[in-house]
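Some notes on the structure that comes next.
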Amino acid sequence: GLAAVLIGYSRFVADAWGWTSARLQTVSVIRRRTTLTLVALVLMAPSAQCFRGMALALAQPGTSMQYESYRASGEWIRAHSTPEDDVAALEVGTLAFYAERRVVDLLGLVSPEAIERVRDRRVIDGLRESPTEFFVLTAALEGLTGPVRDLDWFREGYEMVETFAGEEGQPLWVFRRRSAMPRSTIQ
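Counted from 1, the sequence shown has number 138 at position 144 by this note's numbering; the numbering is strictly sequential.
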């Protein structure tokens, strides 16, 4: 659970740091330090949100809205799908447990084929290249996918079928593949 998330994120940060450092070897020391400082700030922003969420969860007894929204969406998907259907998401644990469907983890923690796309900052390409029947996205994590809801291929291929209240009132959306969208690679 949490340990896997922290390990996965730390690997991502280490890879991003190494990638950036390697490309800055030929620039001036001042520019390299400035760029690395900015990269560190950008990489730490999701960490701050993650640690804030963990602190809130530990400080408040009971279940979190994040857990409840993933539980509810998993139950909804199970009730509105067949066992052969699959689901793509950025956070898959609770969702997969309650949906009882095959999941594709777009961040690569349980779907290692996604790791290269994460490293190359092409997280949503996994969904575009191999569309799943369902796609679950929270407003809080939309920054990792980019403006996916505004992309032509996504609007043409998926429709929003359900919304759940997530952490701090931010929505969790469930999208379903439109029947006209092929299951093979989309260009």
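For glycine and all other residues, C-beta sits at the position ideal for the given N, C-alpha and C. No experiment lies behind these values; they were computed from the predicted model shown.
- In the three-state reduction of the DSSP assignment, R65 falls in the helix class.
- For L121, the enclosing alpha helix (DSSP H) covers residues D119 to E123.
- Boundaries for A134: no alpha helix (DSSP H) harbours it, and the DSSP string shows neither H nor E there.
- Per DSSP, R96 is not a residue of any alpha helix (DSSP H); the beta strand (DSSP E) it occupies stretches across R96 to D99.
- CA-CA distance, W70 to P125, rounds to 19 Å.
- Residue pairing by DSSP places V168 opposite V130 and E156 in a beta bridge.
- The beta-carbon distance between R113 and D9, rounded to whole angstroms, is 5 Å. This is short enough to meet the 8 Å contact definition.
- Residue A159 holds the alpha-carbon nearest to the alpha-carbon of A134 among E110, A159, D119 and E107.
- For the pair A93 and L101, the CB atoms are not nearer than the 8 Å cut-off.
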